[in-house]
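Quick notes on the structure that follows.
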Amino acid sequence: MRIENQHNAILENAQRLTKNISKSGLSIYDEIPIGDPDLWIPSQELELLLNEELSGLELGSLPIRTRSKVVKTKICEVLGYPVPSSFKKTKPRFLGQNFDTYTQKSNNLQIWNEEISSSRRYVLIRVSSENIITKVKVVTGDMLASLDNTGTLTQKYQARLILGNEVSELVSENNTQNLDSVMVAEAKTPYYTTNPTDYPTAGTLLSIETIFEKLKAIVGKSFPDLGSDQERNRGAELHRLVCQHLGYSNYKDDGRFPDVKHQLLEVKLQTSPTIDLGLFSPDSKDILDIPAINGRQIRHCDVRYAIFFAEIIEGMVRITHFFLTTGEDFFKRFPQFQGKVLNSKLQIPLKKDFFD
DNA sequence: AAGAGCAACCGTCCACAAAA
DNA sequence: TTTTGTGGACGGTTGCTCTT
Numbered sequence: 361m362r363i364e365n366q367h368n369a370i371l372e373n374a375q376r377l378t379k380n381i382s383k384s385g386l387s388i389y390d391e392i393p394i395g396d397p398d399l400w401i402p403s404q405e406l407e408l409l410l411n412e413e414l415s416g417l418e419l420g421s422l423p424i425r426t427r428s429k430v431v432k433t434k435i436c437e438v439l440g441y442p443v444p445s446s447f448k449k450t451k452p453r454f455l456g457q458n459f460d461t462y463t464q465k466s467n468n469l470q471i472w473n474e475e476i477s478s479s480r481r482y483v484l485i486r487v488s489s490e491n492i493i494t495k496v497k498v499v500t501g502d503m504l505a506s507l508d509n510t511g512t513l514t515q516k517y518q519a520r521l522i523l524g525n526e527v528s529e530l531v532s533e534n535n536t537q538n539l540d541s542v543m544v545a546e547a548k549t550p551y552y553t554t555n556p557t558d559y560p561t562a563g564t565l566l567s568i569e570t571i572f573e574k575l576k577a578i579v580g581k582s583f584p585d586l587g588s589d590q591e592r593n594r595g596a597e598l599h600r601l602v603c604q605h606l607g608y609s610n611y612k613d614d615g616r617f618p619d620v621k622h623q624l625l626e627v628k629l630q631t632s633p634t635i636d637l638g639l640f641s642p643d644s645k646d647i648l649d650i651p652a653i654n655g656r657q658i659r660h661c662d663v664r665y666a667i668f669f670a671e672i673i674e675g676m677v678r679i680t681h682f683f684l685t686t687g688e689d690f691f692k693r694f695p696q697f698q699g700k701v702l703n704s705k706l707q708i709p710l711k712k713d714f715f716d
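Using this note's numbering, the first residue of the first sequence is number 361, and each one after it goes up by one.
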C-alpha cells in the first residue's frame, strides 16, 4: 500500500510537470534549470512516466534509425513537448531535460564520439525480439560510467563507394610489391582440405588478377535478405559465395581480419555507399598478426579488398557490382571521409538483469 | 527542392576468462 | 570439465546538415 501510494505520488507529480511543459510552449531544445520545480522532470518521474506510456509500444521491423526516431517522437508526446520536424544533432538530444535515448535490442550499449557525461541522464529502452518495448530505464552518466569497466574506445574508418560504369572493376592491376615478391607464378587452386581461415602460404596465394577472374561471376547472383537488423548474417552469405568461387569446398569464417585469411582477402557487402572499415586503415603499413611468408612480413596494405555492391528488391539481395583493390590503393578509388576521419565509440555491456 | 557528404546509431559474433 | 560472462572486435544503414 505504501509503495503504491509513493508510486501514485510520483506519477501525479510527473503528470503535473508534463502539463506545465505543454503550457509553457517550450521545445526540447529550450534550457531548463536542473531541478526547476515546475518544469524539470527528475529521473524517478521520467522513468515511471516513460515506462507507463511506452511499454507495449509496437515498433514493427523498422530500420534501426527509423525506429529510434519513432521512439523519440513518442517521448516528446508523452512529456508534453511539441514534436520537432527533425531531431537536431544536439548533445544531448533532449537538451532541456538533459537526456539521451538508446533504443536497444541487445545489451551492448555503444556511445559514439563522446565521453559519458556524469550529470546527463541516459534513457535506455528495451525492445523485445518481437519488436515491442518492454521496459524503460533511466540512469545518470555516473551510473553508466560505473558499468564501463575498461574505458576502451573502439575505432572505425569510413570511405565512400562511388559506382563507375563497369560492373566489375579491377582497381589494382598488381598486388603490392611486398606481396608480389613472395608469390609464385603457378599458385595452386585451393585444395579441398584447406580452410579459408588457414594462414596464407606462398604456394597457394592467388594473384589479384586470378581472384578477380574467379569472383566476377558472383555479379548477378542473388540470395534472400534476412531483414533490416540482420546485416551481419547477410554478409555471411556473400562470404560463403566467395569461398565457393575461389575453390574452397568448405566455408568458414572466424570473424577475424581478413575474412578469407588464406588469400589475404577482405570481403565487403554494400547496399549503401558508406564503406565501414575496422580498426585499421586499409593503407596502413602496420604488420598483420600472421606468420611471415618466406620471411616477409605481411602488412595491412597488402591485403586485397573485394567490395560487392548489391540492391535489395522484394526480399532478395542481388549483387550488381564488384571491385577488387589492394589495401594500398583503397583510398585512391574510394575516397576516405575527411570529417572526423576516425570515429570511436565506447561500448558498455549491460548486465543481463539490467532492465529488471 | 534536391543531392551529397557524413557520422550517428544500432546489430551480432567469438575468443578467452571466470565460475560452477 | 562444462557453462556463463565479458571484452572487443566486426557489420552497415539512415537521418541530419550543408551546399547547390
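Idealized CB from N, CA, C, for every residue including glycine.
Under the three-state DSSP convention, the category residue i falls into
i           : result
residue 569 : helix
residue 497 : strand
residue 486 : strand
residue 676 : strand
residue 454 : strand
residue 404 : helix
residue 693 : helix
residue 554 : coil
residue 307 : Here the chain covers residues 361 to 716 and nothing more, so residue 307 does not appear.
residue 370 : helix
residue 480 : coil
residue 446 : coil
residue 636 : strand
residue 364 : helix
residue 520 : strand
residue 377 : helix
residue 662 : helix
residue 597 : helix
residue 398 : coil
residue 647 : strand
residue 417 : coil
residue 630 : strand
residue 505 : helix
residue 616 : coil
residue 412 : helix
residue 463 : strand
residue 435 : helix
residue 575 : helix
Option nearest residue i by Cα separation, candidates the options
i           : options               : result
residue 374 : 404, 389, 384 and 365 : 404
residue 539 : 648, 524, 492 and 455 : 648
residue 477 : 407, 580 and 504      : 504
residue 578 : 446, 363, 457 and 680 : 680
residue 516 : 474, 414, 595 and 638 : 638
residue 571 : 686, 716, 698 and 708 : 686
residue 467 : 484, 458 and 474      : 484
residue 662 : 565, 594 and 634      : 565
residue 555 : 408, 608, 708 and 698 : 608
residue 513 : 544, 536 and 470      : 470
residue 451 : 416, 437, 391 and 445 : 391
residue 415 : 426, 580, 398 and 434 : 434
residue 716 : 398, 441 and 498      : 498
residue 643 : 621, 664, 372 and 653 : 664
residue 545 : 387, 372 and 568      : 568
residue 619 : 422, 600 and 377      : 600
residue 458 : 481, 449, 617 and 656 : 481
residue 489 : 636, 419 and 525      : 419
residue 379 : 409, 709, 596 and 520 : 409
residue 370 : 381, 412 and 394      : 412
residue 714 : 597, 585, 507 and 634 : 507
residue 645 : 604, 656 and 688      : 688
residue 678 : 474, 583 and 377      : 583
Beta-carbon separation (whole angstroms), residue i vs residue j, contact threshold 8 Å
i           : j           : result
residue 658 : residue 624 : 7 Å
residue 705 : residue 472 : 4 Å
residue 479 : residue 501 : 6 Å
residue 429 : residue 454 : Between residue 454 and residue 429 the Cβ distance is about 13 Å, and since that is not below 8 Å, they are no contact.
residue 574 : residue 606 : 6 Å
residue 562 : residue 703 : 37 Å between Cβ atoms; not a contact.
residue 456 : residue 389 : 7 Å
residue 518 : residue 614 : Wrong, their Cβ atoms sit about 24 Å apart, outside the cutoff.
residue 486 : residue 697 : With 8 Å as the limit, residue 486 and residue 697 do not qualify as a contact, their Cβ atoms being about 32 Å apart.
residue 522 : residue 441 : At roughly 40 Å, the Cβ-Cβ gap does not stay under 8 Å, so residue 522 and residue 441 are not in contact.
Residues that residue i bridges to, as DSSP identifies them
i           : result
residue 531 : Residue 531 pairs with nothing; no bridge assigned.
residue 706 : 471 and 513
residue 559 : Beta-bridge pairing links residue 559 to no other residue.
residue 608 : For residue 608, which the question treats as bridged, DSSP gives no partner whatsoever.
residue 688 : None, per the DSSP bridge assignment.
residue 602 : Answer by DSSP bridge pairing: none, since residue 602 is not bridged.
residue 584 : 676
residue 425 : DSSP, once it has assigned bridges, lists no residue as partnering residue 425.
residue 669 : 630 and 681
Q: May I ask you to verify whether the segment 487–506 touches the segment 460–479, counting CB pairs closer than 8 Å and requiring at least 3?
A: Contact between the segment 487–506 and the segment 460–479 is established, with three or more Cβ pairs separated by less than 8 Å.
Q.
Taking 8 Å as the cut-off, does the segment 667–675 touch the segment 625–637 (at least 3 CB pairs, one atom from each stretch)?
A. yes
Q: Say whether the segment 686–694 touches the segment 522–537, bearing in mind that this needs 3 or more beta-carbon pairs closer than 8 Å, one atom from each stretch.
A: They touch, by the three-pair rule.
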